[in-house]
Amino acid sequence: MSYIRPKFRHPHLPKNDLGYTVSDYEGSLSTLCAGCGHDSISAAIVQSCFELSIEPHRVAKLSGIGCSSKTPAYFLGQSHGFNSVHGRMPSVATGAYLANRELIYLGVSGDGDSASIGMGQFVHAVRRNLNMVYIVMNNGCYGLTKGQDSATADRGSKSKAGSVNPFEAIDLCGLAMELGATFVAQSFSGDKQQLVPLIKAGIAHNGFALLNVISPCVTFNNNPGSTKSYDYVREHMETTALVDFVPLMTEIKTQYEEGSTTDITLHDGSHLLLNKLSSHWDPTDRSSAVNALMESRRTGEVLTGLLYVDSNSTELHNVLNTTDRPLNGIDQQELCPGSSRLAEINSSLR
Ligand SMILES: Cc1ncc(C[n+]2csc(CCOP(=O)(O)OP(=O)(O)O)c2C)c(N)n1
Ligand code: SF4
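Count along the sequence shown from 1, then add 11; that gives the number in the numbering used here.
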């Protein structure tokens with residue numbers, strides 16, 4: 012059950028370029044457990060869309076099944092939405108995107124939803140470079156069905172019931188890198204300062220943008236021994252860089268010292284500024300990102316930040332050379348080539 016959020020807001024709430032306040036980007040009141048990391052990610056999505064002055068009707072929210080997949084009800088209440096079947100969000104997103112490329116596609120999934128039942132769907136969305144932001148709210152368990160280990164639970168981590176996971180974890184970022192992903196980022200639900208610019212950059216990216224966000228399940232996976240608990244992640248987080256996102260149309264200002272910043276131009280001309288803190292991180296170097304992910308797994312660290320971006324990425328519509336226009340805006344006359352053209356095509360194939 013979803014609860015209606017009260018309409019009353021402070022009359023002097025800041026407004027964005029469209030004249031909207033942050034409340035225009037909210038959804039209904041969350042029914043998730045108090046303290047669930049997924050709610051923090053919803054708040055970061057709301058903040059990102061508000062700051063980017065996105066018209067809510069230009070967004071399509073898509074999800075599968077799980078506590079994470081319930082969250083589209085809690086953000087962007089005025090956007091399009093489709094809550095699909097467990098693990099099937101990528102194919103619904105593919106169909107919707109091919110029919111209408113004008114919307115911004117925002118997919119939300121869980122680690123169970125993406126790394127188990129939906130794995131076959133996830134990998135093809137990555138390799139096709141579907142133009143969408145794909146957020147995995149990764150808590151290492153199946154929250155909705157009472158905390159079973161998921162395929163992203165680290166080997167040796169302990170569930171609330173005390174059992175130790177004997178299987179190797181699937182690293183979704185590493186897998187996406189292997190599949191040729193053009194934008195791969197990792198973050199923590201409790202780090203809004205890092206998460207908001209990453210979501211904004213993902214929206215601006217021309218292709219598939221994966222954000223794997225560690226999002227502790229306070230009810231079933233926040234216990235000692237879990238590597239997806241708040242305490243564990245806070246103690247083992249290693250940041251690649253401080254991230255800031257500068258949208259197109261605003262004057263680009265940088266407050267960073269000369270020589271300490273990497274400036275990445277995304278497809279729409281907006282920029283991603285990375286203030287390098289650790290080991291001169293270069294997010295355009297795919298093999299370094301793969302190595303860093305492998306090293307962080309070995310040391311048990313959670314590597315966060317923008318791990319990799321290809322700012323020259325070619326998204327699915329450009330690969331297929333399909334029409335710019337939404338299919339529902341093309342009438343029968345235009346869609347049908349006519350019988351003489353059809354006869355020409357047929358004879359060319361004989
Ligand atoms: C086809 C199908 N199989 C199994 C389920 C049962 N089920 C619902 S949610 C879920 C897993 C949820 O875990 P995750 O995707 O990680 O999301 P979370 O709840 O942890 O956010 C499962 C197994 C289902 N709804 N549909
Ligand atoms: S069960 Fe876990 S994942 Fe589901 S709402 Fe509660 S804290 Fe969040």
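Quick reminder that beta carbons are idealized off the backbone N, C-alpha and C, glycines included. As the structure is a prediction and not an experimental result, all values here were calculated from the model.
Ordered along the chain, which non-local residues of its own chain (more than five positions away) have a Cβ less than 8 Å from that of A45?
The beta carbon of A45 lies closer than 8 Å to those of V229 in the same chain, with the five residues before and after it left out.
Tell me whether M143 sits in a helix, a strand or coil according to DSSP, three-state version.
If DSSP states are grouped into helix, strand and coil, M143 belongs with coil.
Collect the residues with a C-beta less than 5 Å away from any heavy atom of ligand 2 and give them in sequence order along the chain.
In chain order, the residues with a C-beta atom nearer than 5 Å to some heavy atom of ligand 2 are L43, C44, C47, C78, G154, C228, V229, T230.
If V147 sits next to V224, beta carbons under 8 Å apart, how far is it from one beta carbon to the other, in whole angstroms?
V147 to V224, Cβ: 7 Å. Contact.
Extent of the continuous alpha helix (DSSP H) to which H6 belongs
The structure shown does not extend to residue 6, since the chain spans only 12 to 361, so no value can be given for it.
So, are the CB atoms of L43 and S34 less than 8 Å apart?
Going by C-beta atoms, L43 is not nearer than 8 Å to S34.
Per DSSP, which one or two residues make a beta bridge with Q58?
DSSP output for Q58 lists no bridge partner at all.
Buried/exposed call for L186, threshold 16 Cβ in 10 Å:
Looking at its Cβ environment, which holds 16 or more other Cβ atoms inside 10 Å, L186 is buried.
So does the stretch 185-201 actually touch the stretch 311-324, counting three or more Cβ pairs closer than 8 Å?
Judged by Cβ distances under 8 Å, the stretch 185-201 makes contact with the stretch 311-324, as three or more pairs qualify.
I115 versus L29, H135, M100, I65, residue with shortest Cα-Cα distance
The shortest C-alpha separation from I115 is found at I65.
Take G131 as the anchor and find which of H97, E312, D28 has the nearest alpha-carbon.
Of H97, E312, D28, the residue nearest in Cα terms is H97.
Alpha carbon to alpha carbon, how far is N323 from R245?
Roughly 34 Å between the two C-alpha positions.
Please return the same chain residues whose Cβ sits closer than 7 Å to the Cβ of H247, not counting the five positions on each side in sequence.
Around H247: G311, E312, V313.
Counted within 10 angstroms of its Cβ, other Cβ atoms place R309 as buried (16 or more) or exposed
Taking every protein chain shown into account, the CB of R309 has fewer than 16 other CB atoms within 10 angstroms, so this residue is exposed.
Are the beta-carbon atoms of M100 and G123 separated by less than 8 Å?
Cβ distance not < 8 Å, so M100 and G123 don't count as in contact.
Could you tell me whether any non-hydrogen atom of ligand 1 is closer than 7 Å to the CB of I7?
The question about residue 7 has no answer here: the residues shown for the chain are numbered 12 through 361.
When N150, E189, F86, S59 are compared against K171, the one with the closest alpha-carbon
Residue N150 holds the alpha-carbon nearest to the alpha-carbon of K171 among N150, E189, F86, S59.
Can you find a heavy atom of ligand 1 that lies under 7 Å from the Cβ of M148?
Under cutoff, so the answer is yes.
Using 7 Å as the cut-off, classify the Cβ of T156 as near or not near the heavy atoms of ligand 1, replying yes or no.
Within the cutoff, so yes.
Strictly by DSSP, which residues pair up with F194?
Answer is V320, bridged to F194.
Determine the contact status of V144 and G75, defining contact as a CB-CB distance below 8 Å.
No. Outside cutoff.
Let me know if V330 comes out buried or exposed under the rule of 16 or more other beta-carbons within 10 Å of its beta-carbon.
Its Cβ having fewer than 16 others within 10 Å, V330 is exposed.
Just checking H91 against ligand 1 - is the residue's beta carbon closer than 7 Å to any of the ligand's heavy atoms?
No, the Cβ of H91 stays beyond 7 Å of every heavy atom of ligand 1.
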